[in-house]
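Peer 1: Attaching a single structure in structure tokens format; questions to follow.
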Amino acid sequence: AAYAEQYRPQLHFSPAQHWMNDPNGMVYFNHTYHLFFQYYPKDIVWGPMHWGHAVSKDLIHWKQLPIALYPDSLGYIFSGSAVVDSGNTSGFGKNGKIPMVAIFTHHDPKREAERHEDFENQSIAFSLDSGATWTKYANNPVLKNPGIRDFRDPKVMWYTAEKKWIMTLATQDHISFYSAPDLKNWKKESEFGFKTGAHGGVWECPDLFSLKMAGKTYWILVVNLNPGGPNGGSATQYFVGDFDGSKFTPIDSSTKWLDYGPDEYAGITWSNTGDRKIFLGWMSNWQYANQVPTQAWRNAATIPRELRLKQSNQGIVLASAPVPELTKINRGVSVSKNVMVNKTLDLSTKVGKLKSQYVLKLSMAQLKAYTLKLSNKKGEELLIGYDAIKNQYFIDRTKSGKTDFQKDFSGRFMAPRLTAAKNSDITIVVDKSSVELFADGGLTTMTAVYFPDGDYTGLTLNADSNIKVDSIVVTALKSIWQ
Ligand code: FRU
């Protein structure tokens, strides 16, 4: 059957075949969520980039469509975004049809090979048939490179207060904001980030959006970074602040991470979803993305996550949760209340038959150290838990299965607990070859992939001392490809 290969994600989008990296052009239009993605249709390694395309009605079940954008004389089609141009500011709309407009980077490999610095430029394309076919604008590029080597990944949003488009662009070690009335004539507004945030690598794939908390509006600037993540390689940082239509000003200077795990990168949000902010990342890391041991395809997307602002011990932060639509694939729930754990509690009977497709949530009134051990018959194991001494959550994939395909893959990954609350909860979304951890109502998030030789059918909850777990909820999930 299709999508049944070893390691094939059953809860996450992955292309039927070949290579994928960043999610691109995520936009909601006509009751459809579009997911474009960096795609190389000839191999399972990175190559000349196209925009692959998939659609969903519910963010969970995806249908892959024909390639949306092919490389051309201006170069490969690198990452970017898409908007619904309801006011037809671009003039691409015809006969009352609202245009979808994609804004992307043209990466010219020829000029790069000739050692020029200006090989990345921003271009646009439009669709009048709900994303099925795309026409590139005749006067591309619309934003020319001023001589900055890394000049890419435009994320465009409508800034209602001034009725103009804002483009947030990654420009090597900072962000540049541009504005345009029509998606074509871009003018520079400001720059941000020279002395703020993490700078262990290049700034890529930014996003800018607003969210409300307690009636107040905040602006969030997401900046993906590679390398330099908290657990090595690629990761997503963000800033909370204010945007006045021209300039972004953070409210504090702390570096915040949207996901501390090794395998969430290039994550940004859907446009045109109203007050809801839905985030999705690439579930991999440039350290080993080209080497993970899959055959038909390489790499997948994370679960779509709803973002909210919450107070934490790092100030106002983004909390993540799997979108509630995930319940559409529920196929049974088991609830245990007031469970005493004395050293080890065997939970294998709860998950053993679930084919590594479930959500598990633990809630405790009092937080103590614990380790969840997922294991298979080959003796491979994945450890997930809370280290009370370090006050950190962890995922340890040292013995998780195949780990030797690249030196940075194996390891134990840590993430801080961001609250002093006495009670705690942890939710893990377990798929064939990935886990996503959401702790303390999503204040701490971690994603990790792994490649075991057979499903983890065993599960134990281990603690040094006696601990009381107030509830253990296991939700079995159906495959999204069924
Ligand atoms: C991020 C990235 C982007 C670029 C794309 C190329 O993973 O490097 O900056 O547009 O991938 O595939």
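Note that mature numbering (1 follows the signal peptide of the UniProt record, and there is no 0) has the sequence shown beginning at 6, numbered continuously upward.
Yeah, the Cβ is synthetic: ideal placement off N, Cα and C, and Gly gets one too.
All figures in this text were calculated on a predicted structure; none of them were measured in a lab.
#1: Any idea what DSSP makes of residue 95, helix, strand or coil?
#2: Output the boundary residues of the beta strand (DSSP E) element that contains residue 130.
#3: Is any non-hydrogen atom of the ligand FRU found closer than 7 Å to the C-beta of residue 289, if you look at the structure I gave you?
#4: Around the Cβ of residue 32, are there at least 16 other Cβ atoms within 10 angstroms (buried) or fewer (exposed)?
#5: Closest to residue 289 by CA distance: which of 279, 230, 307, 142 is it?
#6: Grab the span of the beta strand (DSSP E) containing residue 117 for me, first residue to last.
#7: Given a cut-off of 8 Å on the beta-carbon distance, is the pair residue 226 and residue 322 in contact?
#8: Using only the heavy atoms of the ligand FRU, determine whether one of them is closer than 7 Å to the beta carbon of residue 138.
#9: Any contact of the segment 329–346 with the segment 272–286, i.e. 3+ C-beta pairs under 8 Å?
#10: Should residue 36 go down as buried or exposed, given a rule of 16 or more other Cβ atoms within 10 Å for buried?
#11: With DSSP as the reference, label residue 165 as helix, strand or coil.
#12: Give a yes or no on whether the C-beta atoms belonging to residue 481 and residue 359 are separated by under 8 Å.
#13: Looking at the unbroken beta strand (DSSP E) that takes in residue 366, where does it start and where does it end?
#14: Looking only at its chain, what residues have a beta carbon closer than 6 Å to the beta carbon of residue 365, apart from the 5 residues adjacent to it on each side?
#15: Taking only the alpha-carbon atoms, compute the straight-line gap between residue 113 and residue 78 and give it to the nearest angstrom.
#16: Can you find a heavy atom of the ligand FRU that lies under 7 Å from the Cβ of residue 264?
#17: Any heavy atom of the ligand FRU closer than 7 Å to the Cβ of residue 110?
#18: Can you find a heavy atom of the ligand FRU that lies under 7 Å from the Cβ of residue 296?
#19: For a test of your reading of the model: does the CB of residue 271 fall under 7 Å from any non-hydrogen atom of the ligand FRU? Yes or no.
#20: Using a Cβ-Cβ cut-off of 7 Å (strictly less than) and excluding sequence neighbours within five positions of residue 257, which residues of its own chain qualify?
#21: Which stretch, first to last residue, makes up the alpha helix (DSSP H) that contains residue 354?
#22: Can you tell me the Cβ-Cβ gap for residue 367 and residue 474, rounded? I've got them flagged as a contact below 8 Å.
#23: Going by DSSP, which residues form a beta bridge with residue 209?
#24: Could you check how far apart the C-beta atoms of residue 287 and residue 38 are, in whole angstroms? I think they sit under 8 Å.
#25: Residue 254 by DSSP, collapsed to three states: which one?
#26: Candidates 420, 76, 142: which alpha carbon is nearest residue 104's?
#27: Find out if the Cβ-Cβ distance for the pair residue 196, residue 184 is shorter than 8 Å.
#28: Taking Cβ to Cβ, would you say residue 159 is nearer than 8 Å to residue 85?
#29: Compute the Euclidean distance between the alpha carbons of residue 73 and residue 47, then round it to the nearest angstrom.
#30: Buried or exposed, going by whether 16 or more other CB atoms sit within 10 Å of the CB of residue 417?
#31: Kindly indicate the opening and closing residues of the beta strand (DSSP E) around residue 422.
#32: Quick one: grab the DSSP three-state call for residue 332.
#33: Helix, strand or coil, according to DSSP, for residue 451 in the structure here?
#34: According to DSSP, what are the bridge partners of residue 268?
#35: Where does the unbroken beta strand (DSSP E) through residue 310 begin, and where does it stop?
#36: Alpha carbon to alpha carbon, how far is residue 124 from residue 117?
Peer 2: Taking the coordinates as given:
#1: Counting from 1 along the sequence shown, the entry for residue 95 is found at position 90. Three-state result, residue 95: coil.
#2: Residue 130 sits at position 125 when you count from the first residue of the sequence shown. It spans 125–132 - the beta strand (DSSP E) in which residue 130 sits, taken as one unbroken run.
#3: Locating residue 289 in the sequence shown gives position 284, counting from the first residue. Not so, every heavy atom of the ligand FRU lies at least 7 Å from the Cβ.
#4: Position 27 of the sequence shown, counted from the first residue, corresponds to residue 32. Classification for residue 32: buried.
#5: Start at 1 with the first residue of the sequence shown, and residue 289 comes out as number 284. When each option's Cα is compared against that of residue 289, the closest is 307.
#6: Counting from one through the sequence shown, the residue named residue 117 turns up at place 112. Looking at the DSSP string, residue 117 is not in any beta strand (DSSP E); the run it does join, the alpha helix (DSSP H), is 114–118.
#7: Here residue 226 refers to the residue found at position 221 when the sequence shown is read from its first residue. Here residue 322 refers to the residue found at position 317 when the sequence shown is read from its first residue. For residue 226 and residue 322, no; Cβs fall outside 8 Å.
#8: Mapped onto the sequence shown, residue 138 falls at position 133. For the ligand FRU, not one heavy atom lies less than 7 Å from the Cβ of residue 138.
#9: no
#10: Looking up residue 36 in the sequence shown gives position 31. That one is exposed.
#11: Taking the sequence shown and counting its residues from 1, the one referred to as residue 165 is at position 160. Note: residue 165 maps to helix in three-state DSSP.
#12: Residue mapping note: residue 481 aligns to position 476 of the sequence shown, counting from 1. Residue mapping note: residue 359 aligns to position 354 of the sequence shown, counting from 1. Taking 8 Å as the Cβ cut-off, residue 481 and residue 359 qualify as a contacting pair.
#13: As a first step, residue 366 is located in the sequence shown; it is residue number 361 there, counting from the start. First-last of the beta strand (DSSP E) with residue 366: 363–369.
#14: Translated into the one-based positions of the sequence shown, residue 365 becomes position 360. So the qualifying residues of the chain are 433, 479.
#15: As a position in the sequence shown, residue 113 is number 108, starting the count at 1. As a position in the sequence shown, residue 78 is number 73, starting the count at 1. Using only the alpha carbons, I get a separation of about 8 Å.
#16: As a position in the sequence shown, residue 264 is number 259, starting the count at 1. No; taking the cut-off as 7 Å, the Cβ of residue 264 has no heavy atom of the ligand FRU nearer than that.
#17: Stepping through the sequence shown from its first residue, residue 110 is reached at position 105. Yes; taking the cut-off as 7 Å, the Cβ of residue 110 has a heavy atom of the ligand FRU nearer than that.
#18: The sequence position of residue 296 within the sequence shown is 291, counting from 1. Flag unset: Cβ of residue 296 not near the ligand FRU.
#19: Within the sequence shown, residue 271 is the residue found at index 266, counting from 1. Yes - the ligand FRU has a heavy atom lying nearer than 7 Å to the Cβ of residue 271.
#20: Here the question's residue 257 lines up with position 252 in the sequence shown. Contacts found: 320.
#21: Locating residue 354 in the sequence shown gives position 349, counting from the first residue. Start and end: 353–356.
#22: What you label residue 367 is simply residue 362 of the sequence shown in a count that begins at 1. What you label residue 474 is simply residue 469 of the sequence shown in a count that begins at 1. Right, the Cβ-Cβ distance comes to about 6 Å (below 8 Å), so this counts as a contact.
#23: Locating residue 209 in the sequence shown gives position 204, where the first residue counts as 1. Paired residues: 229.
#24: Walking along the sequence shown from the start, residue 287 turns up at place 282. Walking along the sequence shown from the start, residue 38 turns up at place 33. The pair is not a contact, with the Cβ atoms about 17 Å apart (cut-off 8 Å).
#25: Position 249 of the sequence shown holds residue 254. Note: residue 254 maps to strand in three-state DSSP.
#26: Taking the first residue of the sequence shown as 1, we reach residue 104 at position 99. For residue 104, the nearest C-alpha among the options comes from 142.
#27: Working through the sequence shown from its first residue, we reach residue 196 at position 191. Working through the sequence shown from its first residue, we reach residue 184 at position 179. In this structure, residue 184 does not lie closer than 8 Å to residue 196 by Cβ.
#28: Taking the first residue of the sequence shown as 1, we reach residue 159 at position 154. Taking the first residue of the sequence shown as 1, we reach residue 85 at position 80. Taking 8 Å as the Cβ cut-off, residue 159 and residue 85 qualify as a contacting pair.
#29: Here residue 73 is taken as the residue at index 68 of the sequence shown, counted from 1. Here residue 47 is taken as the residue at index 42 of the sequence shown, counted from 1. Roughly 15 Å between the two C-alpha positions.
#30: Along the sequence shown, one-based indexing puts residue 417 at 412. Exposed, since its Cβ has fewer than 16 Cβ neighbours within 10 Å.
#31: In the sequence shown, the residue the question calls residue 422 occupies position 417. Here residue 422 belongs to no beta strand (DSSP E), and DSSP marks it neither H nor E.
#32: Translated into positions along the sequence shown, residue 332 becomes position 327. The answer is helix: DSSP assigns residue 332 an H, G or I state.
#33: If you number the sequence shown from 1, residue 451 lands on position 446. Strand.
#34: Counting from 1 along the sequence shown, the entry for residue 268 is found at position 263. Paired residues: none, contrary to the question.
#35: The residue labelled residue 310 in the question sits at position 305 within the sequence shown. 310–317 is the span of the beta strand (DSSP E), which, as asked, contains residue 310.
#36: Here the question's residue 124 lines up with position 119 in the sequence shown. Here the question's residue 117 lines up with position 112 in the sequence shown. Cα to Cα, the separation comes out at about 6 Å.
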